[in-house]
Amino acid sequence: CPQEVEVKKVRFRFSKKCHNLLTQLMKHEDGWVFNVPVDAKGFGLHDYHTIVKEPMDLGTVKAKLGEGLYESPLDFAEDVHSMAKFLLSMFEEKWVPIELQYHNLHREIKPASVVEPLPAPTPSSVSSACGA
């Protein structure tokens, strides 16, 4: 069927685009940590699988892509997005207390770099300073 052939061509084209993008992500100098599943046992993260219901990493995405398990590039993007969203939510949860502590401390202590401006001279103080 010509339509099936066209669908296969489109899937292949988009699969290749997704693979190229994934390769860029995996080769990024800071991306290596996302390339393999978390070794929960090795890191002693006993509650990892309780917290992370559906673990995802770029290596798993690559395997699924290679096995043709994604029906569309949108499914591929969903896995990458879910990994990124989980990372962001973990970051935000841990970041909030740090940010609050910083703002509270900043309010309590005036930074040394902030210098109070001198009051504007009044006409009487200028004339008395000049000997008038």
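Residue numbering for the sequence shown is 1 to 132, as defined by full-length UniProt numbering. Yeah, the Cβ is synthetic: ideal placement off N, Cα and C, and Gly gets one too.
| Query | Result |
| --- | --- |
| If you run the structure through DSSP and keep just helix, strand and coil, what is Gly42? | coil |
| Going by beta carbon distance, what residues of the same chain come within less than 7 Å of Tyr48, once the five residues before and after it are set aside? | Val38 and Ala40 |
| On the CB-based measure, 16 or more other CB atoms within 10 Å of its CB, does Leu65 come out buried or exposed? | buried |
| Could you tell me whether any non-hydrogen atom of the ligand MG is closer than 6 Å to the CB of Thr60? | Ligands displayed in this structure: none; no statement on the ligand MG is therefore possible. |
| When you compare the region 20–32 with the region 55–64, are there three or more beta-carbon pairs, one atom per stretch, that lie closer than 8 Å? | yes |
| Less than 7 Å between the beta carbons of Pro73 and Cys1, yes or no? | no |
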